[in-house]
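In the UniProt record's numbering, the protein residues as written are 1 to 357. All remarks here apply to the structure that follows.
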């Protein structure tokens with residue numbers, strides 16, 4: 001008999017509500033029933049439940065639980081300390097998903113891009129928790145510092161789920177053969193990672209005036225006053241990446257000073273994707289560009305009297321994306337020269353990319 005979770009394929013903890021399931025799927029099913037949660041799928045219920053990325057679509061995950069045999073009647077109701085059943089407040093509406101907006105096939109592009117970024121963050125956290133279980137109990141804004149060698153390993157592990165999200169959310173408007181796909185993903189990933197870091201740095205560190213720190217993801221960071229925690233005894237690498245830290249912090253401060261919101265940030269990701277695709281798929285890129293700009297203008301008009309000026313400010317941030325990416329590439333190249341860790345990372349990423357792309 002298989003000892004895997006019937007829902008997602010992860011390691012099971014035994015029979016849960018009628019089927020063999022893992023701790024995560026069991027807890028998810030119980031919460032959904034007890035709290036009477038309701039979810040919405042923006043992809044017309046065509047999502048796949050991927051091991052390690054179980055939260056990517058809660059509606060499809062719940063329906064899979066039911067389809068494969070989990071029984072609602074086997075879930076015990078919530079009780080208080082006196083063992084009295086707690087009845088939900090009838091005036092309180094059921095919980096709905098906040099991470100992915102309710103959309104249809106003709107949904108707006110910016111909401112889809114926002115959903116893609118949220119899905120990416122969830123997928124990345126799932127991988128991080130497998131290596132750093134303490135993250136599972138951290139508060140929302142708590143972060144850790146991991147050594148460079150471990151960070152490289154974590155990034156390798158996140159690539160498959162990252163690739164799936166980029167393909168399905170950010171570059172889904174073009175069909176690509178393998179050769180072109182690798183070229184586009186290579187260009188997109190480098191810039192996307194910088195945007196992720198800048199966004200988190202602005203939210204976590206610039207707003208709190210911790211200018212000596214910058215994020216590497218939503219879960220780990222580098223403290224420039226304690227760089228040895230990340231680089232260990234690699235003094236040359238510390239020096240090599242110093243210019244990158246300065247440029248990234250400058251970009252994060254600009255994001256903060258402009259008060260870029262989540263929809264505008266999603267638009268920036270979309271504009272970046274369009275810019276990369278334009279040279280190969282001009283017609284599709286132009287169509288996507290018009291959609292993004294139309295929705296961005298509509299969005300900013302709710303906050304700004306001069307919507308054209310605001311849209312221009314967002315577009316001009318693309319230059320900062322390029323500057324930050326170029327600086328990282330230069331610093332990484334120097335790192336490859338002085339440290340085998342970065343050279344091995346390039347080789348390993350090439351192998352993984354060739355397998356998945």
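Here a beta-carbon is modelled for each residue, glycine too, at the ideal position from N, C-alpha and C.
Contact between residue 157 and residue 127 is confirmed by a C-beta separation of about 5 Å, below the 8 Å threshold. Taking the Cα of residue 29 as reference, the smallest distance to any Cα among 70, 10, 147 and 229 is reached at 70.
Under the rule that a run must span 4 or more residues, the alpha helix (DSSP H) segments found entirely inside the stretch 127–205 read 148–165 and 178–201. Residue 221 sits in a strand when the DSSP states are folded into three classes. For residue 164, the closest C-alpha among the options 249, 185, 5 and 263 is that of 185. For the pair residue 214 and residue 268, the CB atoms are not nearer than the 7 Å cut-off.
Residue range 23–34 is occupied by the alpha helix (DSSP H) that includes residue 27.
Taken atom to atom, the span from the alpha-carbon of residue 326 to that of residue 191 is near 9 Å. With respect to residue 109, residue 330 sits apart: the two C-beta atoms are not nearer than 7 Å. If you draw a straight line from the Cα of residue 208 to the Cα of residue 244, it is about 21 Å long.
Closest by C-alpha distance to residue 250, out of 264, 232, 234 and 206, is 206. According to the DSSP assignment, residue 67 belongs to the alpha helix (DSSP H) that extends over 58–67. Annotated three-state conformation of residue 115 is helix, per DSSP.
About 6 Å separates the beta carbons of residue 220 and residue 145, which is inside the 8 Å limit, making them a contact pair. When the beta-carbon positions are compared, residue 300 and residue 310 come within less than 7 Å of each other. Counting along the chain, residue 244 sits inside the alpha helix (DSSP H) bounded by residues 235–257.
Here residue 214 is bridged, per DSSP, to 222.
Scanning its chain for C-beta atoms nearer than 8 Å, with the 5 sequence neighbours on each side dropped, one finds around residue 25 the residues 5, 7, 8, 10, 16, 54, 61 and 65, in chain order.
The Cβ-Cβ distance between residue 121 and residue 218 falls below 7 Å.
Excluding five sequence positions before and after residue 252, the CB atoms of its chain that fall closer than 6 Å to its own CB belong to 198, 201, 202 and 206, given in chain order. For residue 11, the beta-bridge partners assigned by DSSP are 4. For residue 32 and residue 75, the gap between their C-alpha atoms comes out near 10 Å. Residue 274 sits buried, since 16 or more C-beta atoms from the chains shown fall within 10 Å of its C-beta. Apart from sequence neighbours up to five positions away, no residue of its chain approaches residue 27 with a beta-carbon distance below 7 Å.
Within a 10 Å sphere around the beta-carbon of residue 333 sit fewer than 16 other beta-carbons, which makes this residue exposed. The three-state reading of DSSP puts residue 232 in coil, since its state is none of H, G, I, E or B. Within the same chain, 120, 123, 124 and 189 come within 8 Å of residue 162 by CB-CB distance, once the 5 residues on both sides are set aside.
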